[in-house]
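For the sequence shown, the residue numbers in my numbering are 1 to 294. Cβ coordinates follow ideal geometry from the N, Cα and C atoms, glycine included. First up is the structure itself, then whatever we jot down about it.
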Amino acid sequence: MELCRIVEDALSTYRRANGLVDNGKLRESVHRDLISLAGMALRSKIITIMGEVDIAKARANFFIAQSVFVDRYHKREVLLHFCENTMYTEIVCDRHLFQMQRSREDGIHDITYIPQFMNVPCLRRFRIDGKYYITVERVPELMRRLRSADSIEDLVVDTMLLNGRTVTFLHVDGKSRLFDCTGHFPILVGYDTASGQPLYVAVLRANPDAPWYFTTVEDGASSVTYTDEVGEVHHHVVQDFFVLALRYDPVDLPSIDSYYRRGAKDPTGPVYWLEFFPQKDERYKGSVEYDDSY
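As structure tokens, then:
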């Protein structure tokens, strides 16, 4: 039952896009289930290391993968709880074990993803006169309006390739809590030309039936504004939003070929922007099936 409740909570976070709440801290009931299941699996893992019992070892690895390795936030809570047990923390931080279990096709990693990025696995960043616009899918109407404008000469378009299992959503309720990037890896958009402060990818819905809108947010913000699908900028305050962040610690992920890092712009761990327009980067993989015309 503990595993079922952990999986159900992870599905709510990812598949149902409810995001991580309370600055990434798990709900108390989920925390209890996680510590109980992880503790059992880690104890079993240590016994199998000593005795080399294959079936028991596989079972221990499975439960660790389905609980501790859900994301970096589950891992963090286990590390904090068992911080004085060196053998436990070494297992939790075992990069090889993490990568091996993450590749399983029958585990929690396979079923917990953000659907938006499974359909269109990228973000587009438009920079016009020093201002950033973030979108997915097709080029927004705003760009069509600018085709004949003088400022089109200042237009730069970059692409960030993502998938639904790379990132998570941090839920921010600006009425009770400011966005605080401490302890997270929010996806970097760029830097504000006026303040020099970093800007991160934010996501929101104007109402439950509205589509997702992407925008930018600064650390410490309690609200965001956004540009809709017809290019209208909405300046009213939206205090309920999400911030896109890395799901896993960068150190746990496979090394990336240095070839794909050359030319990278504004990286956040393993993800980064590549120029698409006006000069298309040679490393850009144009496998995303949607209209790339301008």
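Straight-line Cα distance separating residue j from residue i
| i | j | result |
| --- | --- | --- |
| TYR14 | ARG72 | 14 Å |
| VAL92 | ASP129 | 46 Å |
| SER293 | ASP252 | Bear in mind that a pLDDT of 44 at SER293, under 50, signals an unreliable position, so the number given afterwards is only what the model happens to contain. SER293 and ASP252: Cα-Cα distance of roughly 37 Å. |
| GLU105 | GLU2 | 21 Å |
| THR225 | ALA60 | 46 Å |
| GLY190 | ASP219 | 13 Å |
| SER176 | GLY24 | 15 Å |
| SER36 | ASP9 | 16 Å |
| THR227 | ASP54 | 55 Å |
| GLU90 | ASP249 | 15 Å |
| GLU282 | ASP158 | 13 Å |
| HIS31 | ASP94 | 21 Å |
| LEU274 | VAL136 | 15 Å |
| ALA194 | ASP154 | 17 Å |
| THR112 | ARG165 | 7 Å |
| ARG262 | CYS83 | 38 Å |
| LYS75 | VAL120 | 28 Å |
| ASP22 | GLU77 | 13 Å |
| ARG125 | ILE46 | 47 Å |
| GLY286 | PRO270 | Because the pLDDT of GLY286 is 49, which lies under 50, any placement of that residue in the model is unreliable, and the number read from its coordinates should be weighed accordingly. Going from the Cα of GLY286 to the Cα of PRO270 covers about 19 Å. |
| THR86 | SER44 | 15 Å |
| ARG5 | ASN18 | 16 Å |
Member of the options whose CA lies at the smallest distance from the CA of residue i
| i | options | result |
| --- | --- | --- |
| VAL243 | ASP281, LEU199 and LYS265 | LEU199 |
| PRO278 | ILE187, GLY164 and ARG127 | ARG127 |
| MET100 | LEU26, ASP281, CYS122 and ALA58 | ALA58 |
| CYS181 | ASN207, ALA194 and LEU246 | LEU246 |
| ALA56 | LYS280, TYR113, ALA41 and SER67 | ALA41 |
| HIS96 | SER255, LYS280, GLY174 and GLY183 | SER255 |
| LEU11 | THR48, PRO115, LYS45 and VAL78 | PRO115 |
| SER340 | SER44, LEU34 and ARG43 | Residue 340 is absent from the structure shown; the chain starts at 1 and stops at 294. |
| PRO295 | GLN239, VAL237, GLU28 and TYR272 | Past the edges of the chain, shown from 1 to 294, lies residue 295, and the structure says nothing about it. |
| ALA38 | SER103, ASP192, HIS81 and HIS236 | HIS81 |
| THR216 | HIS236, ASP209, ASP192 and ASN207 | ASP192 |
Presumed contact (8 Å Cβ cut-off) between residue i and residue j, rounded CB distance
| i | j | result |
| --- | --- | --- |
| ILE134 | VAL201 | 6 Å |
| ASN163 | PHE117 | 6 Å |
| PHE62 | PHE98 | Not confirmed; about 13 Å, so no contact. |
| GLN239 | GLY174 | 3 Å |
Spatial neighbours of residue i in its chain, beta-carbon cut-off 6 Å, leaving aside the 5 residues before and after
| i | result |
| --- | --- |
| SER148 | Low local confidence applies: a pLDDT of 49 at SER148 is under 50, so the model's placement there is unreliable, and no value is given. |
| ALA221 | PHE179 |
| PHE241 | VAL172, ALA202, LEU204 and VAL224 |
| ILE64 | ALA41 |
| TYR88 | LEU42 and PHE82 |
| VAL237 | SER223 |
Check: residue i C-beta below 7 Å from any heavy atom of the ligand ZN
| i | result |
| --- | --- |
| LEU246 | As for the ligand ZN, it is missing from this structure, which has no ligand bound. |
Contacts around residue i, its chain only, beta-carbon distance under 7 Å, and the 5 residues preceding and following it disregarded
| i | result |
| --- | --- |
| LEU188 | PRO198, TYR200, ASP266 and THR268 |
| PHE276 | VAL157, ASP158, THR159 and TYR284 |
| LEU20 | THR13, TYR73, THR168, PHE169, LEU170 and HIS171 |
Which residues DSSP lists as bridging residue i, in chain order
| i | result |
| --- | --- |
| MET160 | LEU123 |
| PRO186 | ALA245 |
| THR216 | VAL201 |
| PHE179 | The partner list for PHE179 (beta bridge, DSSP) is empty, contrary to what the question assumes. |
| VAL271 | THR268 |
Closer than 8 Å to chain D by CB, residue i
| i | result |
| --- | --- |
| GLY39 | Here chain D cannot be found, since the structure has a single protein chain. |
8 Å Cβ shell around residue i - same chain, five flanking residues per side excluded
| i | result |
| --- | --- |
| LEU26 | ASP9, LEU34, TYR73, HIS74 and GLU77 |
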